[in-house]
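K.L.:
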Amino acid sequence: MNNFEDYLKEIGEIGYVEEVVGPIAQVSGLPGAKCEELVMFESGEIGQVLSLSEDFVEVLIFSRNPIKVGVRAVRLNKPFEMPVGHELLGQIIDPFARPFDETRPVKTPKDRRNILVKAAGIDKRRTIKRHLVTGVTLVDLLIPIGFGQRELLIGDRKTGKTNFLLATILSQAKRGTICIYAVIGKRKIDIKKIEDLFVKNKVMDNIIMIATTSFDPQGLIYLTPYSAITIAEYFRDAGIDTILVIDDLSNHARFYREISLLGRRFPGRNSYPADIFHTHARFMERAGNFIVGDKEVSITVLPIVETNQGDLSGYIQTNLMSMTDGHLYFDQGLFSQGIRPAINPFISVTRVGQQTQSSLQRSIARELRSFLVLYQKTKRFVHFGEEISQSIKTILATGDNLTRFFHQPPSSITSENIQIFLFALLWSNFFGDEPFEKIKQDMDKWRVMYEENKAFHDNIDNMIATSSHLNELLLKIKGIQTKNNPDQKIVLTS
Amino acid sequence: MDNNKDSNLSQNSNNTTSGRIISVQGQVVEVEFQEEYMPKIHDILLLEIDPTIRMEVIQSSSPKRLYCLIFSHVNALSRSAKVRNTGGPIEIGLSKNLLGRVVNIFGEPIDGLGELKMETKKSIFQDAPSYSNVQVHEKLLETGIKALDLFSPIAKGGKIGLFGGAGVGKTLLLTEIIHNVVVLNKDKSAAVFAGIGERVREGQELHEILSINKVLPQVSLVFGTMGENPAVRFRTAYSAVTVAEYLRDELKQDVLMFIDNVFRFAQAGNELSILMKTIPSEDGYQATLGSEMASFHERLVSSKQGSISAIETVYVPNDDILEQGVQAIFPYLDSIVVLSRDVYQEGRLPAIDLLSSTSAYLSPELVGEFHYQTALSAQNLLKQGVELEKIVSLVGISELSPQDSIIYQRARKLTNYMTQNFFVAQNQTARPGAYVPLKTTVDDVNAIISGKYDSFSEDKFLYIGSLRDLEVKKAPSQTVAPATNQAEGPKPAPPAVENKQTKPN
Amino acid sequence: MDIPKFLSKVYTTEDRVRLYSEIELVSEAIYKEGELNKVLASRVSKALVEYIGSESSYEILSEKLSELKKALDQLVIMKLTLAFEPSEQTIKKIVTFIRENLDEKTIFEICQQPNILGGAILEFKGLYRDYSLKTRLEEIFKSKRDELYKI
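Protein chains in written order, with the working numbering: chain A, 3 to 496; chain B, 25 to 529; chain C, 3 to 153.
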């Protein structure tokens, strides 16, 4: 990269810093400056042109080193282009593709891409068809996600959103999907914990972490999601599916608000700038299911946004809900009852997920959903002290069991088919009145058997694949039980 | 020593008809012109070094300076760059070739299907038809969606708004209306779909649905999706209206105008007004919100040449229907459908709040006495149901008097009856869609109210088409599951397993 | 003397800074009995004295001074970096040349930087032009590097 003097001679324009307010510098001179162009200060710091006023160029500084008034500045005649390439896999980088950890150098890829491009139009897109397995049964059955979907994770602080994301990434990384984890303005220790988890699970090679701490310059934090999706677009164009996690967008909005207010932009609703919707929308729209060549390739986005006391009707929250293709609501109430994941299936929405499910899964989802509604209603009735009939007791028992069935400790993932099988057993009252602890033991044994015993594994897979409705599956199970088929007996008696 | 005569240096340019750029903030550009050559409002200015960069004059910023909206990306502009006045506003190319194609704000094709031949070009700013030219049509537009046809009927030439917060099914409802009216009813009308500030994915899916159902040739789509800058989103509304007017006046067709979503039009105007430092009005909106809504809606009327019926979705931010951006739209609508999150969470689709949805067309003159009375009785029944629900949730259903109990159950049956499977949601729900003719709906509702279906349990009314479906099928689902939907109490669990199983260890 | 004539005698930023302090001196002296003439006699430049002329009304004098100050504010600065310190005459020559060709009210900020060896570096309204000898030599070295290595 050229240095300050080189640019000065090459471009032939000079500027002087006249005012500095936080991360924003007002620079005089530089007559040919354009918006989004890069600017370099004498000390080597980089900034980006935010706006042009008659006398000044407004520059967003990407460094925490203070820029002094009077310092010279030069423009680079190019927008910010970040290096992208396969070399980034397994690394933690900042939005400039520099190593996040200075002690671990990163190989810089040769390709460069502008991070602020427009989203692809309708001629490059296709309907979302493929199911994205998260490994979290509650989601995979009831609130499924598809490749190319943008599903918002919304809920109060500390309700398990990050854990859910980690489970999803583990599931997908194990299948070869590339995951990009973007951390926006968080603590270093939180970033470390996440990295450690990936390393421990040996999936780091399929992951790129792009991180900014809360201590980083606001301008850099602001760029993080755009850099992240630029990397995703690189892989998309190379024909590889990516999942992009943004942790989190409420933070991003706050930092952008800080920049805007310091830049004297008129405050809008909740003091956010008027273009906060556009700031997020132009990013969100770059995800989806695309056609590249003759292949369908997707960029899936799972952004996190925080709520206050479960208020879904906040400004940023509703903005994001209207941009995304659904949301998973992490309920503080459920969380404090110990339910993991604390996802509320009634409030959560998936707009394009169900079309990716098999008909078996869809029939399960339907039955399950209507039962859960009933279960909720029944629980409310019980408060009246009315006499509890046997049928009500059954409903409550089944509902309780199902709730425990869906309980998954943080970052644990399960295979789909065995879960469907176990669910069907539960649904058909196979276990009778046994206490759930015993049921769980049996289920765990079966899960292990599924991973280790190939015959069992294939049997289960076959049963699932050949059933197109929950009823069929249940009949098959019933058939096994009553016929006592020798092969299957291994399953049920060992 | 060289002299320093650069073109940049001589600021008092000799080429005086051009203007020059003074400042750029977001999508708003300030330009300066000499007085004699001052452009007028709505004139399009081109950047001299790259004429594909277009901007529209919006208002004065100071005596010799103007604010302009730039439609292209701002990164091509620098200060003192010259701009040339084209002398006219944005024009969109028009021809019947627009039907079946997807275009952007300028009428340029964006569906990748090749060039579009134009017959004429028109400014996107047109006047509404003169008073003498305005026609009042009185024909009903049947949608086949029970709740809509009964409580919020649409007439040709009228305007209906579908209001709702995020994720309650506005776009789905709109798409179903498009499907039923255009595909099923084989309505010969032309249709224009304006995608203002909505997702590209939805635009693509709609395009695919129309294409698969072979009705794409009847529809012209104009998109300004949410990834576009606010200037484009703002003006796309006008481009779309211009297309509708063209189809009405030149091709002399009845036009169905679908808009998803009108709120984004107000929002884009808001984003732009803040950049122009206008003093904000209520809720932070632009002072001109009212007149912007008017200039847009007043053109969507029927003239002697043909009718324009508008079906618009309106996003309700923060679920706050009192928000000014939403309230500004109400005066222009004849029918209102409100989608509610509470109804959605109960699992009733479409998630229509039956008591909040109304229509000016619900009058005996337009819909006939029978329909009118039925709708009134239905609303009455539902209101009573709501009151009784309060009691039931406190003391249980057994505490109701026999008459109240009947009314309560009928109300619940009616509410359940209003749920419906959508054709366009088939690949999500795996349930086939249903079209219910208006007459059937009215007859059915009457039947429920008058008690003819008292013997059927209320869950049987969920997601059926007409009441005829009740007679044919026995029960909607037949699984060996523990229980299905019931109000009073669960059905006893059918014996799922005959013999108690020996436990596997 | 009118303002344009006055300004034509202002060549450098130093000149201007000096004039600012002189103007301030005069402004303060206006209302002090007897001070004004003393100041005009010995503390300010001839040009300023000429400009003030025989104005006796205090208000008009104040106004004239503030007009002058405003005009001085509007002068555009061209920064000139030279390897040597130019003489008065040289400066006058440069100024006249620039003003004829640029049609601007330009004054100069002259910096001395011997390491540019010769030529000049110009900065004007954000534009930067390097005509220094040092840079030219560097360019020559770069383009003729192969030839030079053969030597």
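Idealized CB from N, CA, C, for every residue including glycine.
In terms of residues, what are the limits of the alpha helix (DSSP H) holding residue 81 of chain A?
P.N.:
Where residue 81 of chain A is concerned, there is no enclosing alpha helix (DSSP H), although the beta strand (DSSP E) it sits in stretches over 74–81.
K.L.:
Can you list the residues of chain A that residue 137 of chain C reaches, using a CB-CB cut of under 7 Å?
P.N.:
From the beta-carbon of residue 137 of chain C, the residues of chain A found nearer than 7 Å are 11.
K.L.:
Spell out the partners DSSP gives residue 122 of chain C in its beta bridges.
P.N.:
C:84, C:133
K.L.:
By how many angstroms is the C-alpha of residue 22 of chain A removed from the C-alpha of residue 265 of chain A?
P.N.:
10 Å
K.L.:
Can you tell which of A:349, A:331, A:81 has its C-alpha closest to the C-alpha of residue 166 of chain A?
P.N.:
A:331
K.L.:
Less than 6 Å between C-beta atoms, sequence neighbours within five positions excluded: which residues of the same chain meet that for residue 90 of chain A?
P.N.:
210
K.L.:
Return the chain-ordered ranges of every beta strand (DSSP E) run that is complete within the segment 315–359 of chain B and spans a minimum of 3 residues.
P.N.:
332–339
K.L.:
If I measure Cβ to Cβ from residue 268 of chain B and keep anything under 6 Å in the same chain, skipping five residues before and after, which residues do I get?
P.N.:
216, 279, 281, 332
K.L.:
Taking buried to mean at least 16 other C-beta atoms within 10 Å of its own C-beta, is residue 183 of chain B buried or exposed?
P.N.:
buried
K.L.:
Taking the alpha-carbon positions, what's the residue 22 of chain C to residue 16 of chain C distance?
P.N.:
10 Å
K.L.:
Please confirm whether residue 148 of chain A and residue 400 of chain A have their CB atoms less than 8 Å apart.
P.N.:
no
K.L.:
Can you grab the Cα-Cα spacing for the pair residue 154 of chain A / residue 98 of chain B, in whole Å?
P.N.:
Our two residues, residue 154 of chain A and residue 98 of chain B, have alpha carbons roughly 30 Å apart in a direct line.
K.L.:
Sort out for me which residues DSSP pairs residue 282 of chain B with in a bridge.
P.N.:
B:217, B:335
K.L.:
Any Cβ of chain B within less than 8 Å of the Cβ of residue 259 of chain A?
P.N.:
It does not: the Cβ of residue 259 of chain A has no partner Cβ on chain B nearer than 8 Å.
K.L.:
Can you tell me which of A:235, A:26, A:279, A:201 puts its alpha carbon nearest to the alpha carbon of residue 88 of chain A?
P.N.:
A:235
K.L.:
Tell me, please, whether the CB atom of residue 161 of chain A is closer than 8 Å to any CB atom in chain B?
P.N.:
no
K.L.:
Kindly identify the DSSP beta-bridge partner or partners of residue 18 of chain A.
P.N.:
Beta-bridge partners assigned by DSSP to residue 18 of chain A: A:30, A:74.
K.L.:
Chain A beta carbons: is any one of them nearer than 8 Å to that of residue 111 of chain C?
P.N.:
Not closer than 8 Å to any Cβ of chain A, the Cβ of residue 111 of chain C fails to qualify, so no.
K.L.:
Counting only Cβ pairs nearer than 7 Å, list the residues of chain A close to residue 104 of chain C.
P.N.:
Ordered by position in chain A, no residue passes the 7 Å Cβ test against residue 104 of chain C, which lies about 15 Å from the chain.
K.L.:
Pull up the DSSP beta-bridge partners for residue 179 of chain B, would you.
P.N.:
B:164
K.L.:
Beta-carbon within less than 8 Å of residue 70 of chain A's beta-carbon, same chain only, minus the 5 sequence neighbours each way: which residues are those?
P.N.:
Excluding its 5 nearest sequence neighbours in each direction, residue 70 of chain A has C-beta neighbours in its own chain below 8 Å: 19, 22, listed in chain order.
K.L.:
How would you label residue 236 of chain B, buried or exposed, when you count the other beta carbons within 10 angstroms and need 16 or more for buried?
P.N.:
exposed
K.L.:
For a contact meaning CB atoms closer than 9 Å, what does residue 284 of chain B contact in chain A?
P.N.:
Within chain A, no residue comes near residue 284 of chain B; the closest Cβ sits about 12 Å away, beyond 9 Å.
K.L.:
Taking 6 Å as the limit between beta carbons, can you name the residues of its chain near residue 150 of chain C, skipping five residues before and five after?
P.N.:
none
K.L.:
Going along the chain, which residues of its own chain have a beta-carbon closer than 8 Å to the beta-carbon of residue 223 of chain B, five neighbours each way excluded?
P.N.:
249, 250
K.L.:
Secondary structure at residue 213 of chain A, three-state DSSP: helix, strand or coil?
P.N.:
strand
K.L.:
Which chain B residues are close to residue 82 of chain A, counting only those with a beta carbon under 9 Å from its beta carbon?
P.N.:
Neighbours of residue 82 of chain A on chain B: none; closest Cβ ~11 Å, over 9 Å.
K.L.:
Name the one or two DSSP bridge partners that residue 43 of chain A has.
P.N.:
A:75
K.L.:
Any beta carbon of chain A sitting closer than 8 Å to that of residue 250 of chain B?
P.N.:
yes
K.L.:
Is residue 147 of chain C close to chain A, meaning its C-beta is less than 8 Å from at least one C-beta of that chain?
P.N.:
False, the Cβ-Cβ gap to chain A never drops below 8 Å.
K.L.:
May I ask you to report which of helix, strand or coil DSSP gives residue 159 of chain B?
P.N.:
coil
K.L.:
Does DSSP put residue 141 of chain C in a helix, in a strand, or in coil?
P.N.:
Residue 141 of chain C: helix per DSSP, three-state reduction.
K.L.:
Under 8 Å by Cβ, that's how I've got residue 67 of chain A and residue 45 of chain A pegged, so tell me the actual separation to the nearest angstrom.
P.N.:
7 Å
K.L.:
Near residue 203 of chain B, which residues of its chain fall below 6 Å by C-beta distance, leaving aside the five closest residues on each side in sequence?
P.N.:
Around residue 203 of chain B: 447, 448.
K.L.:
Can you find a C-beta in chain B that's less than 8 Å from the C-beta of residue 235 of chain A?
P.N.:
Not an interface residue.
K.L.:
Measure the C-alpha to C-alpha separation of residue 83 of chain B and residue 62 of chain B and round it to an integer number of angstroms.
P.N.:
Distance between the alpha carbons of residue 83 of chain B and residue 62 of chain B is about 12 Å.
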